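To keep things clear, I will list the structure first and then write my remarks on it.
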Amino acid sequence: MKWVTVETCSLSEGEVLKNMLQSYGIPARLSYESSGRVLGLVGEGLGPTQVQVPADRQQEAHELLEAPPAEE
Numbered sequence: 006m007k008w009v010t011v012e013t014c015s016l017s018e019g020e021v022l023k024n025m026l027q028s029y030g031i032p033a034r035l036s037y038e039s040s041g042r043v044l045g046l047v048g049e050g051l052g053p054t055q056v057q058v059p060a061d062r063q064q065e066a067h068e069l070l071e072a073p074p075a076e077e
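Under this note's numbering, the very last position in the sequence shown is 77; numbers go up by exactly one each time.
Below, the structure written as structure tokens:
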């Protein structure tokens, strides 16, 4: 399966976006520099995080990420 990047952001924002996409049934994963986690660091600033989805779901993911937030 080919994965494509649909957003580049901080690790914490990436986690939120990944979970949102998965809640809509779109497989998603994060790609980031792993050295911080290996060394036990949990802070931001270790480099960009890429939110990735399967290539065949890219358009659907972009539409969800670009949609205005739902009002409560």
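Beta carbons are placed, not taken as given, at the ideal position from N, Cα and C, and that holds for glycine. Small disclaimer: the values here were computed from a predicted structure and weren't measured.
Where DSSP assigns a beta bridge to residue i, which residues make up the other side?
i, result
"VAL58", "VAL9"
Start and end of the beta strand (DSSP E) containing residue i?
i, result
"SER36", "34-36"
Where do the N-terminal and C-terminal ends of the alpha helix (DSSP H) with residue i fall, by residue?
i, result
"GLY30", "Note, GLY30: premise wrong, no alpha helix (DSSP H); not H, not E."
"ALA75", "Neither: ALA75 is in no alpha helix (DSSP H) and is coded neither H nor E."
At least one CB of chain C closer than 7 Å to the CB of residue i: is that the case?
i, result
"CYS14", "Looking at the structure shown, chain C is missing, and only one protein chain is on hand."
By Cβ distance below 6 Å, which residues in the same chain neighbour residue i in space, the five residues on each side in sequence not counted?
i, result
"MET6", "PRO59"
"ARG34", "GLN57"
Looking only at its own chain, which residues have a Cβ that is under 8 Å from the Cβ of residue i, when we skip the five neighbours before and after it?
i, result
"GLY19", "GLU12, LEU35, TYR37, THR54, GLN55 and VAL56"
"GLN63", "VAL9 and VAL11"
Can you list, in chain order, the residues of its chain whose CB lies under 7 Å from that of residue i, leaving out five sequence neighbours each side?
i, result
"GLU65", "ILE31"
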